[in-house]
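In the UniProt record's numbering, the protein residues as written are 1 to 290.
Yeah, the Cβ is synthetic: ideal placement off N, Cα and C, and Gly gets one too.
Reviewing the structure listed below.
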């Protein structure tokens, strides 16, 4: 079963004085790329959280967000009273008019916005709270992986349909191949006839057979069929390996291109164009497979 690299997972924890939200978003990427947005108070746990996410997602461009909202009365941000009084004294001294009650309120508003008017007391991370956050990350990982699996299922159905379409087109190529070779032979015979020169029939026949062999696509047809079967087998394997499927699709493309270059026959070239179109759509979607 394949997995998509696109997904979203979220978990919300309501503690007595805090609301904690964990979000995970993922997009396609060649490697694992984690972008973390977490409060400064949890920075010391960032590496551990990154490793936890990496173990669950393996590959993709990951946006990890940890939001902490204080819902209780406690807060680690307090007024720096000494600094605040100093700012207000300076503002009064700078005033050229008497300071009334309403003016004091305005001075307070101005002083609060000054540097260091507020102080943030660093809190030690509560082990129980942190374990709750880790559990939330694990739940978000489960949710995003479920999302990825569902997306992967849709991609798998699309791949199977397109591989089957290429297989059907290959059968049509096989059907018209004898006709193609006869057309090539007739074309060469007519070209020699138009030259109006006498040729040794035996020698001409040998040269003709040698030339037509260059247009033979028997091996390409066999290899292409094998690659298509191998793609389906890999698709049905237990693990999701987008890179492996990408390599197989390259081999499929190589055989299709060779058939096209050897065909020298318009009806077959039209079938080749259709196969290329289906393969390009497969390659585009493979970029999003884990």
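Assuming contact is defined by CB atoms lying nearer than 8 Å, are residue i and residue j in contact in what I supplied?
i: residue 1; j: residue 148; result: no
i: residue 66; j: residue 42; result: yes
i: residue 279; j: residue 246; result: no
i: residue 19; j: residue 71; result: yes
i: residue 7; j: residue 175; result: no
i: residue 116; j: residue 83; result: yes
i: residue 243; j: residue 130; result: no
i: residue 281; j: residue 215; result: no
i: residue 141; j: residue 24; result: yes
For the putative contact between residue i and residue j, defined by C-beta atoms under 8 Å, what is the C-beta separation to the nearest angstrom?
i: residue 274; j: residue 169; result: 6 Å
i: residue 220; j: residue 258; result: 5 Å
i: residue 289; j: residue 240; result: 7 Å
i: residue 271; j: residue 252; result: Rounded, the Cβ-Cβ distance is 14 Å, inconsistent with contact.
What number of angstroms, rounded off, separates the C-alpha of residue i from the C-alpha of residue j?
i: residue 162; j: residue 144; result: 27 Å
i: residue 31; j: residue 61; result: 8 Å
i: residue 11; j: residue 160; result: 34 Å
i: residue 158; j: residue 283; result: 12 Å
i: residue 26; j: residue 3; result: 12 Å
i: residue 91; j: residue 85; result: 10 Å
i: residue 34; j: residue 64; result: 7 Å
i: residue 227; j: residue 277; result: 17 Å
i: residue 291; j: residue 104; result: Outside the shown range of the chain (1 to 290) lies residue 291, about which nothing can therefore be said.
i: residue 171; j: residue 38; result: 56 Å
i: residue 49; j: residue 28; result: 21 Å
i: residue 132; j: residue 13; result: 8 Å
> Would the stretch 226 to 241 and the stretch 261 to 275 be scored as touching if the rule is three or more Cβ pairs under 8 Å?
Replying inline: No, the stretch 226 to 241 is not in contact with the stretch 261 to 275.
> So, do the stretch 128 to 137 and the stretch 40 to 60 have three or more beta carbon pairs nearer to each other than 8 Å?
Replying inline: Judged by Cβ distances under 8 Å, the stretch 128 to 137 makes contact with the stretch 40 to 60, as three or more pairs qualify.
>> As an exercise, report each continuous alpha helix (DSSP H) stretch of at least 4 residues that is fully enclosed by the UniProt domain "Endoribonuclease YicC-like N-terminal" (2 to 156), in chain order.
In response: Complete alpha helix (DSSP H) runs here, min 4: 46 to 57, 81 to 94 and 101 to 112.
> Unbroken alpha helix (DSSP H) runs of length 4 or more, entirely within the UniProt domain "Endoribonuclease YicC-like C-terminal" (174 to 289): which are they?
Replying inline: 201 to 213, 218 to 235, 242 to 263 and 266 to 286
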